[in-house]
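Here's the structure we're looking at; comments come further down.
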Amino acid sequence: MAIDFPATPTAPGPGRPITCRTCGIVTTETWDGVPPPVLSALSSRKTIRAFAKGSIIFHDGDAVSALYRLLSGVVLLRKGNHDGNSIVTRMVVPTATFGFGAFIARECHSVTAQCATDVSLCCIPADVAELAFANNRSLERVFAQHVAHELDYAEDALLAQAGLSVHQRLLLLFEQFALRFGAATPDGTWQAEIPLLRGDMAALLGIARESFSRGLARIVGEGLLTFDGRTIRVPAIDRLRHKAEDIRSGLAQ
């Protein structure tokens, strides 16, 4: 699905210092070609910032001031549509990088980045990133490949999603939400807080609000989950996972 990315690069674990060498976006060998003063500037000038739920990291039209890597939480990238409404074009999850496209194109941001939850970000100032890339083109290439891999994955997921029914799209979406944001409860069910509004979920799936509501009603009627505000409760997580796995298996054939 387009909301998720394979977590190949990993953020440092709890208690492990976050430096450019431990970030996981590029290998330690790639950093060997970066002049020590530049690497020192990267590590010393990057900042780990916390944003509260609902905060705006940057607006559509803002100049690029930094590159961002999401360490925890969820960020929504929004863009105005022809009706003047704000729709979600991408949901950024931990280990993903964003802001690179506008940076490399030397353009302003074309989306607004809003925190769907409390968020922790690694922010690398654009000027020091420019200096690092100028001194080591292989670093720029590897970084660009990392970002391109994320976007290719999302594009492939969107193409695969286009061949699915509304019911199938919703099953995959809620399975991912349940596993990423949920946990087992004492009574053996599964509960998750969803970070998106229903309209945002419909936009991510490329379906109309009415279709989303009908599809959700069907899933609830099948006993796969219940929906209360932004909370979903899954009576049997294994049943939902099996349904989703059957859909993915069909896509792979």
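If you read the sequence shown in the working numbering, its first letter stands for residue 852, the second for the next number, and so on.
Even glycine gets a Cβ: it sits at the ideal position worked out from N, Cα and C.
In the DSSP assignment, what are the bridge partners of residue i?
i     : result
L1047 : Per DSSP, none; premise fails for L1047.
L976  : In the sequence on display, residue 976 carries Pro and not Leu. In the DSSP output, where bridge partners are listed per residue, P976 has A917.
S1062 : For S1062, which the question treats as bridged, DSSP gives no partner whatsoever.
L1019 : Note that residue 1019 corresponds to Gln in the displayed sequence, not to Leu. Its beta-bridge partners do not exist; DSSP assigns none.
R1084 : Q1042, T1077
I955  : Partner(s): none; I955 has no beta bridge.
F949  : Y919
V885  : BP columns for V885 are empty, so no partner.
Exposed or buried, residue i, counting other C-beta atoms within 10 Å across all chains shown (16 or more means buried)?
i     : result
H960  : buried
V915  : buried
V939  : buried
A1107 : The question about residue 1107 has no answer, for the chain in this structure spans 852 to 1104.
A1035 : exposed
L1048 : exposed
A947  : buried
K897  : buried
A901  : exposed
I899  : exposed
Please say whether residue j and residue i have beta carbons closer to each other than 8 angstroms?
i     : j     : result
V925  : L990  : no
I907  : A964  : yes
I1098 : L1023 : yes
F1063 : I1045 : no
A917  : G950  : yes
S971  : S923  : yes
W969  : A1054 : Sequence inspection shows Asp at residue 969; the Trp mentioned does not correspond to that position. Taking 8 angstroms as the Cβ cut-off, D969 and A1054 do not qualify as a contacting pair.
L921  : P945  : yes
I975  : A1029 : no
Which same chain residues end up closer than 7 angstroms to residue i when comparing Cβ atoms and leaving out the 5 residues on each side of it in sequence?
i     : result
P1086 : T1040, G1074
R1092 : E1026
V962  : D911, L928, R929, K930, T940
V889  : L982, A983, N986
D913  : C959, H960
Mapping the DSSP letters down to three states, classify residue i as helix, strand or coil.
i     : result
I908  : strand
A892  : helix
V1117 : Any answer about residue 1117 is impossible in this case: the structure gives the chain only from 852 up to 1104.
G1014 : coil
S1100 : helix
V926  : strand
A1035 : strand
G1057 : coil
R900  : strand
V1071 : helix
A1029 : helix
A995  : helix
H1093 : helix
A964  : strand
L1009 : Unreliable placement is indicated for L1009, whose pLDDT of 47 sits below 50; the coordinate value is still reported in the next sentence. Note: L1009 maps to helix in three-state DSSP.
Please go through the same chain and pick out, in chain order, the residues whose beta-carbon is closer than 6 angstroms to the beta-carbon of residue i, but skip the five residues on each side of it.
i     : result
E1006 : Only weak support exists for where E1006 lies, its pLDDT of 46 falling under 50; the coordinates are left without a value.
L1056 : R1020
F909  : H960, A964
V943  : L921, V926, F949
Please work out which residues of its chain come closer than 8 angstroms, Cβ to Cβ, to residue i, disregarding the five sequence neighbours upstream and downstream, and give them in chain order.
i     : result
R1018 : As written in the sequence, residue 1018 is His, which differs from the Arg given in the question. If we look at H1018 and ignore the five residues flanking it on each side, its Cβ neighbours are G1066, R1069, I1070.
T1082 : Q1042, A1043, E1044, I1045
A995  : F951, I955
G905  : Q965, C966
Please decide whether residue i counts as near chain B, where near means a Cβ-Cβ distance under 8 angstroms.
i     : result
F1028 : Here there is only one protein chain, and chain B is not present.
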